[in-house]
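Below is one structure, written out as structure tokens; comments come after it.
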Amino acid sequence: MRLIPGFCILLGIAFSGQSAATDIPVAAQVAQSQPIFVSVQLTGTVTSPSNSTLSTSTSGLVESIYVEEGAIVEAEAVLLELDAKLVELQLKNMQAKYKQEKIAMQDAERRRDEAKTLFAQKSFSKSSLHLLESEVAEKQAVLQQA
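In the numbering used here, the protein residues as written are 105 to 250.
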């Protein structure tokens, strides 16, 4: 055990007199800051945060659609066309109801006018005449709504 410390001392004395065989060159530079750009390529789907529900103010069957899903459209642009057959049937139905109400009003006016003539001859009561006048007013109101 005494040999190891003595050997280490001898080695230290033997190599302490040697110098470095080659010099290593050293270069110094000032550090500068630069922006770091990181680019990441991804694949995905972009979803709009807002949605618009499309509806028509009248019911019916869609006959034609003029825009594709996801297309950008301007305000007041025509997006679709409804089948006109249902609307035409509704129009004919309303015209028939109007004509029916008009005939009912004309009949009420005729009966009222006859009652006025009979009332003037004292052959018709005043309360019955008032009922016929009320009926005419009611028929006129219904006709205006039709």
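Beta carbons are placed, not taken as given, at the ideal position from N, Cα and C, and that holds for glycine. None of these values were measured; they are calculated from a predicted model.
- Closest in alpha carbon position to Val150, among Ile128, Ser143, Tyr170 and Gly174, is Gly174.
- For the pair Glu218 and Val240, the CB atoms are not nearer than the 8 Å cut-off.
- In this structure, Lys243 sits away from Leu233, with a CB-CB distance that is not shorter than 8 Å.
- DSSP assignment within the region 167-198 yields no whole alpha helix (DSSP H) run of 4 residues or more.
- For Val240, the enclosing alpha helix (DSSP H) starts and ends at Lys230 to Gln249.
- For the 8 Å CB-CB criterion, Ser168 and Leu184 form a contact.
- In its own chain, leaving out the 5 sequence neighbours on each side, no residue places its CB closer than 7 Å to the CB of Ala181.
- Spanning the alpha carbons of Ala245 and Val177 requires a straight line of approximately 44 Å.
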